[in-house]
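Taking it in order: structure first as structure tokens, then the write-up.
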Amino acid sequence: MIKYLSPLLVFIVLAGFLAKGLYLNPKEIPSPLIGKKIPDFKLSGLSKESPLVFSDDLLGEPFIINVFASWCGPCLDEHPILIELADTKAIHVFGLNYKDNSSNALNWLEKHGNPYQSIGVDPKGVVAIDFGVYGVPETFLIDSDGFIRFKHVGPLNRETINEIFKILEELPK
Amino acid sequence: MIPEIGNFLLMLALVVAVIQSVFPLVGASRGNFQLMSLAVTSGRLQFILILFSFFCLIYCFLFNDFSVLNVAKNSNSSLPWAYRIAASWGSHEGSMLLWLVMLSGWTFAVSIKSRQLPMEMLSRTIGVMGLISIGFLIFIIFTSNPFDRLLPAAADGADLNPLLQDPGMVIHPPMLYMGYVGCVVPFAFAIAALLGGRLDSTWARWSRPWTTYSWVFLTIGIALGSWWAYYELGWGGWWFWDPVENASFMPWLSATALMHSLAVSEKRGGFKAWTVLLAILTFALSLLGTFLVRSGVITSVHAFASDPARGIYILAFLVLVVGASFSLYAIRAPKVGVGGSFDVISREGALLANNILFLASTAAILLGTLYPLFLDALGLGKISVGPPYFDVIFVSIMTPAIFFMGIGPLAVWKKAEIPDLVFRLKWLMFIAGTAASICMFFAGKWSPLVILGVFLAFWIISSSFLVFFERFKSVSQSTNLTNIGVCRRLPLGFYGMLTAHFGVAVFIIGVTAVGGYEQEKDLKMRIGEGVQVENYIVRLDRFAEIKGPNFDSTVGVFSIFEDGNFIAVLKPEKRFYHVQQMPMTEAAIDSSVTRDLYLSLGEPLQDGSWIVRVYLKPFVGWIWAGAFVMALGGILAASDRRFRKLREEKVREKNLV
Amino acid sequence: MKPRQKRFVLILIASCLLVVASVIVKNVFNDNLVFFYSPTEIVSGDVPQKKKLIRVGGMVVRDSVVRHQDNTTVSFIVSDNVNAIKVHYEGILPDLFREGKGVVAQGKLDQHGDFMASQVLAKHDENYMPPEVADLLERSKDQKILGD
């Protein structure tokens, strides 16, 4: 009776693919960098007074790198969530200002609030290339030894924040 | 207040839908007439509830109630009132409610038109439709409620997408949905027949007109959509093999196969299991279409409102409905029996071949539509499947199908005499070949595809004439009626078939001519300049600025000359819609029977000239005319007296038994 | 012929048709798969064949759109914020094409590594995002581009 069962079987396979298609988390663009050590960098701060940022200085504790720019619409979407995250003071958030004009960036932060404990300026996107940045905004979670543990492309939402905290808890202290 | 009433009506409809499905189905299996009698009443009540709920939504749009989220997102106070009504089905939520209105409308129609059905059959059919209704009501109420409030209310709405602000878009979705949802009727009949174990020719006879009517609506809906894309998108294309289009085309192909297979089931008692399978498949494809369009699983150029939660729901529903139907099929179909035997060379043979070809093309389109999803799911990269794939596949599968279309009506049932058939076909070949060569001679230039297209068109036409004359002769020899009397004696269903096949020929001519002889020019034009396309001259006279209700527009005024004589003024526009901050190209078309002259404005250049697109599209109107002729054929076939005489037949059959 | 034989012949014919159909499908299918690449993938030479039809997506770099004076050719630069590629296209750009917005072009690479587009598709979204990412955002943001 396989003849009469075949429509059902074909359909089940098809439904499997459709389901997979739905559950594919499209935001997960696999980064070859995950599990690798972050590239070394040296960046100037956003304003003239702020000191240079060295990648080595950030290590020692897990931290977040958030790539942002004042010209980027979706960055504004994720901004409230970043501010909320900063308010918890649970983790150091490092901002990588990407291909931006520094005065625009400063104004933008003044207007919308500054969630970053430190900011590095990457006007030509040189460091971003090393990080494999795909678009802005983009967010990385780095463990205390400088290994990339998590990457998110696109604006953050509450789910990603929860995911970040989950990974954070699993990290050896 | 009105939105709350609408919402309440929907919930009430859900309760009624539960009654409509559970009691009649239980009643039918137990032979309890009281329970079964609930089917008709609750089915009708449900239609009234949902219709009024839909009116509530229209009311909200018409009177600009921006405290309703759906209205605020898709309408605007400056939108003309007709588009405000159309906007109520322009959004995802509204279109799902429209889907439901159609579903309950079809239920209502079944409850009125099918009183002569056996009680069991009728209550099972309406019960199954009730089950579908429950699924969609839950979907609407919990994941896409059109009456959701927006508090505080918006001052004004975000406006309807300018692409949708067009008369074609006002009627296209209701037509298409009528067709989509209409597939539920043969599906419900098929399931009811499987449940009751009664798969005989009467069942096929009940299903036939319903299938044909929903096919007619699908045909018109798809044609309108294509026509809309042609003049509104400004690219002059009429079919893009876009996932959204494919989603509506696949059920059409399958419904076409179903219609033909039902003919065999009714007349010869054959193909029973196959027909049931097609009925299930057709509805499954229309559900799949809804899933593809609404879930955002597939991104198309016409990218859509989408939401994973909705996708999960529709997929679960799809799996439930289709999985259950196919399981029922697997259990019950083996008992149906094969039906009358027939020779390979016979009308059944031709129809079966046609069926297989139609399904093969459906499968090929399904593959092309879903392949990007498969690759993505397997992590093999992002791709799209190019239109040439669809073109080549579809043409190569449809060519033999159309060949069989010429043979089918000529072959007799059960076993055709090969020498006789060959003799007649030889003449057909000759006529079609000659006609095609004459056309080629006058057209001046040709390509293999054009010759193929013209040949196929004449093949169908000449075969249709031959079929008519043979049938005419056989009737007039056996009776002593006048010629007109003979014509009236021939059943309407027969005329319907001829008309629909003729429509296919018209369609093929349109497609062939556009594909083979289309002229396209993109060029820079200044005021006063002209351009020649074939024997036409298009001259840009001036520009005008006009203000619409919710847009500003730059109008190019062009004079058209044919062989040096002035024939028309065309005014293509470049509009800018304020609220959505969106530019829109409005093409201007001068149509005649043999060609369309199509103008659209590109963009202004710094030196004051504009980029203008000029198309000369021979016979393009025949594409849609062909579709409408096909639909007309469907209407003729479905209104055959035979289907209206169900009651008498039933009585007669009883006496015979 | 006995009914059994008839059935056999019928099935034989049907399967022949099916085989022919599948062969056609397979061949045409492989020729018409249009792969999607980002400018970075193209610049780094990940595109297997130069002559194959492909799609490239990214955002149109501001002030990069140049119209040729004597014909309808237009050139612009598409970037994924990491690398960029020059695109040439002859004809009318879609309504939603704008500098600084997402775009998908379909065409072929020429010998200089420029992209000769035969079709340009623009999407309506407000993001400075490569379209793959923008697509994903669209899904979650409930943006509507076109009803049916």
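In the order they appear, the protein sequences are chains A, B and C. Take any residue in the first sequence, note its place counting from 1, add 1017, and you have its number in the working numbering. Take any residue in the second sequence, note its place counting from 1, add 77, and you have its number in the working numbering. Take any residue in the third sequence, note its place counting from 1, add 334, and you have its number in the working numbering. Glycine included, C-beta positions come from ideal geometry on N, C-alpha and C. As the structure is a computational prediction, the values presented were derived from the model and not from experiment.
Item to complete: Classify C/R432 as helix, strand or coil using the three-state DSSP reduction.
Response: Along the third sequence, read from residue 1 onward, the residue named residue 432 of chain C stands at position 98. Residue state, collapsed to three classes: coil.
Practice prompt. Find out if the Cβ-Cβ distance for the pair B/S742, C/V368 is shorter than 8 Å.
Written response: Coverage of chain B is limited to positions 78 through 734, which leaves residue 742 of chain B absent and any answer about it impossible.
Discussion item. Taking only three categories from DSSP, how would you classify A/Q1134?
Written reply: What you label residue 1134 of chain A is simply residue 117 of the first sequence in a count that begins at 1. Coil, per DSSP.
Worksheet item: Within the 8 Å Cβ cut-off, does B/F216 reach chain A?
Response: Taking the first residue of the second sequence as position 1, residue 216 of chain B is located at position 139. Using a CB distance cut-off of 8 Å, B/F216 does not count as an interface residue toward chain A.
Practice prompt. Could you round the C-beta distance between B/L126 and B/L89 to whole angstroms and report it? I think they count as a contact, below 8 Å.
Written response: By one-based count along the second sequence, residue 126 of chain B stands at place 49. By one-based count along the second sequence, residue 89 of chain B stands at place 12. Yes, B/L126 and B/L89 are in contact; Cβ-Cβ is about 5 Å, under 8 Å.
Worksheet item: Do three or more CB pairs link the segment 196 to 206 of chain B to the segment 98 to 111 of chain B at distances below 8 Å?
Response: Touching, yes.
Worksheet item: Along the segment 1075 to 1102 of chain A, what residues have a CB closer than 8 Å to any CB found in chain B?
Response: Among the residues of the segment 1075 to 1102 of chain A, none has a Cβ less than 8 Å away from any Cβ of chain B.
Worksheet item: If you draw a straight line from the alpha carbon of B/E595 to that of B/P660, how long is it in whole angstroms?
Response: Working through the second sequence from its first residue, we reach residue 595 of chain B at position 518. Working through the second sequence from its first residue, we reach residue 660 of chain B at position 583. B/E595 and B/P660: Cα-Cα distance of roughly 27 Å.
Worksheet item: Which residue comes first and which comes last in the beta strand (DSSP E) that contains A/N1114?
Response: On the first sequence, residue 1114 of chain A is found 97 positions in, with the first residue counted as 1. Counting along the chain, the beta strand (DSSP E) containing A/N1114 begins and ends at 1109 to 1115.
Worksheet item: Going straight from the alpha carbon of A/I1108 to that of B/S152, what length do you get?
Response: Counting from one through the first sequence, the residue named residue 1108 of chain A turns up at place 91. Counting from one through the second sequence, the residue named residue 152 of chain B turns up at place 75. Distance from the CA of A/I1108 to the CA of B/S152, rounded to the nearest whole angstrom, comes to 44 Å.
Worksheet item: When the Cβ atoms of the segment 480 to 491 of chain B are set against those of the segment 423 to 438 of chain B, are three or more pairs found closer than 8 Å?
Response: Yes, they touch.
Worksheet item: Do you know offhand how far B/S514's Cα is from C/M450's?
Response: To locate residue 514 of chain B, count along the second sequence from 1; it is residue 437. To locate residue 450 of chain C, count along the third sequence from 1; it is residue 116. One C-alpha to the other measures close to 39 Å.
Worksheet entry | Backbone secondary structure at A/D1074 - three-state DSSP | Residue 1074 of chain A sits at position 57 when you count from the first residue of the first sequence. In this structure, A/D1074 counts as helix in the three-state DSSP scheme.
Worksheet entry | Contacts that B/D599 makes with chain C (C-beta to C-beta distance below 8 Å) | Reading the second sequence from its first residue, position 522 is the one you call residue 599 of chain B. Result: T406, E424, G425, I426.
Worksheet item: What does a CB cutoff of less than 7 Å around B/S541 pick up in its chain, not counting 5 residues either side in sequence?
Response: To locate residue 541 of chain B, count along the second sequence from 1; it is residue 464. Closer than 7 Å at the Cβ level, and outside the excluded window around B/S541, lie L575, H578, F579.
Item to complete: Alpha carbon to alpha carbon, how far is A/L1022 from B/A281? Give it in angstroms, no decimals.
Response: Residue numbering aside, residue 281 of chain B sits at position 204 when the second sequence is read from its first letter. Residue numbering aside, residue 1022 of chain A sits at position 5 when the first sequence is read from its first letter. The alpha-carbon atoms of B/A281 and A/L1022 are separated by roughly 23 Å.
Fill in: Host alpha helix (DSSP H) of B/A509 (start-end)
Within the second sequence, residue 509 of chain B is the residue found at index 432, counting from 1. Residues 495 to 520.
Worksheet item: If you count every other CB in all the chains shown that lies within 10 Å of the CB of B/I408, and 16 or more means buried, which is it?
Response: Start at 1 with the first residue of the second sequence, and residue 408 of chain B comes out as number 331. Its Cβ having fewer than 16 others within 10 Å, B/I408 is exposed.
Worksheet entry | B/Q596, DSSP secondary structure in three states | Reading the second sequence from its first residue, position 519 is the one you call residue 596 of chain B. Looking at B/Q596 - three-state DSSP - the assignment turns out to be strand.
Worksheet item: Between the C-alpha atoms of B/N560 and B/Y257, what's the straight-line distance to the nearest angstrom?
Response: Stepping through the second sequence from its first residue, residue 560 of chain B is reached at position 483. Stepping through the second sequence from its first residue, residue 257 of chain B is reached at position 180. Rounded to the nearest angstrom, the two C-alpha atoms are 41 Å apart.
Practice prompt. For C/I358, go through chain B and note every residue whose CB falls closer than 9 Å to its CB, in chain order.
Written response: Position 24 of the third sequence, counting from 1, holds the residue named residue 358 of chain C. Within 9 Å Cβ-Cβ: A441, V469, I470, S473, I474.
Fill in: Neighbourhood of C/S409 by C-beta distance below 7 Å, restricted to the same chain and skipping five residues each side
Sequence index remark: in the third sequence, residue 409 of chain C carries index 75 (1-based). Once the five neighbours on either side are set aside, the close Cβ partners of C/S409 are V400, K420, V421, H422.
Discussion item. Taking the beta carbon of B/H337 as the centre, do at least 16 other beta carbons fall within 10 Å, making it buried, or is it exposed?
Written reply: On the second sequence, residue 337 of chain B is found 260 positions in, with the first residue counted as 1. It is buried - the Cβ of B/H337 has at least 16 other Cβ atoms within 10 Å.
Worksheet item: In chain order, what residues of the same chain lie with their CB nearer than 8 Å to the CB of A/D1139, ignoring the 5 residues before and after it?
Response: Taking the first sequence and counting its residues from 1, one reaches residue 1139 of chain A at position 122. Apart from the 5 residues on each side of it in sequence, A/D1139 sits with its Cβ closer than 8 Å to the Cβ of L1060, L1113, N1114, Y1115, K1116, A1145 in its chain, given in chain order.
Worksheet entry | Environment of C/G379 [buried if 16+ CB atoms lie within 10 Å] | Reading the third sequence from its first residue, position 45 is the one you call residue 379 of chain C. C/G379 is exposed by the Cβ-count criterion.
Worksheet item: Of all Cβ atoms in chain A, is any one closer than 8 Å to the Cβ of B/P411?
Response: Locating residue 411 of chain B in the second sequence gives position 334, counting from the first residue. Taking Cβ atoms only, chain A reaches closer than 8 Å to B/P411, which makes this a yes.
Fill in: Residue from A/I1136, A/F1182, A/S1120, A/I1029 with nearest C-alpha to A/S1067
As a working note, residue 1067 of chain A is residue 50 in the first sequence. Selected option, being the one with the closest Cα: A/I1136.
Worksheet item: Can you tell which of B/L674, B/P465, B/R672 has the C-alpha that lies nearest to the C-alpha of C/N361?
Response: Within the third sequence, numbered from 1, the residue matching residue 361 of chain C stands at position 27. Measuring C-alpha to C-alpha distances from C/N361 to each of B/L674, B/P465, B/R672 identifies B/P465 as the nearest.
Discussion item. Ignoring anything shorter than 3 residues, give me the beta strand (DSSP E) runs that lie fully in the segment 606 to 686 of chain B, in order along the chain.
Written reply: Every unbroken stretch of the beta strand (DSSP E) spanning 3 or more residues and falling wholly within the segment 606 to 686 of chain B is given here in chain order: 607 to 610, 613 to 624, 628 to 639, 642 to 647, 650 to 654, 659 to 663, 665 to 668, 672 to 681.
Fill in: Element boundaries [alpha helix (DSSP H), containing B/K190]
Translated into the one-based positions of the second sequence, residue 190 of chain B becomes position 113. Looking at the DSSP string, the run of the alpha helix (DSSP H) that includes B/K190 is 169 to 190.
Discussion item. With a threshold of 6 Å on Cβ separation, who are the neighbours of B/F138 within its own chain once the five nearest residues in sequence on each side are excluded?
Written reply: Along the second sequence, read from residue 1 onward, the residue named residue 138 of chain B stands at position 61. The residues are V148, S152, R161, A164, S165.
Worksheet item: If contact means a Cβ-Cβ distance below 8 Å, which residues of the segment 1021 to 1038 of chain A contact chain B?
Response: So the close ones are Y1021, L1022, P1024, L1025, F1028, I1029, L1031, A1032, F1034, L1035, A1036, K1037, G1038.
Worksheet item: What does B/V462 reach in chain C if we use C-beta pairs closer than 8 Å?
Response: Counting from one through the second sequence, the residue named residue 462 of chain B turns up at place 385. Within chain C, the residues near B/V462 are F363, N366, L367, V368.
Discussion item. Taking 8 Å as the threshold (beta carbon to beta carbon), is B/L450 in contact with chain C?
Written reply: Here the question's residue 450 of chain B lines up with position 373 in the second sequence. No, because no Cβ of chain C sits closer than 8 Å to the Cβ of B/L450.
Worksheet item: Can the beta-carbon of B/A665 be found closer than 8 Å to that of B/L647?
Response: The count along the second sequence starts at 1 and reaches residue 665 of chain B at position 588. The count along the second sequence starts at 1 and reaches residue 647 of chain B at position 570. Contact: yes.
Worksheet item: How is B/P568 classed by DSSP in three states: helix, strand or coil?
Response: Taking the second sequence and counting its residues from 1, one reaches residue 568 of chain B at position 491. Of the three classes helix, strand and coil, the one that applies to B/P568 here is coil, per DSSP.
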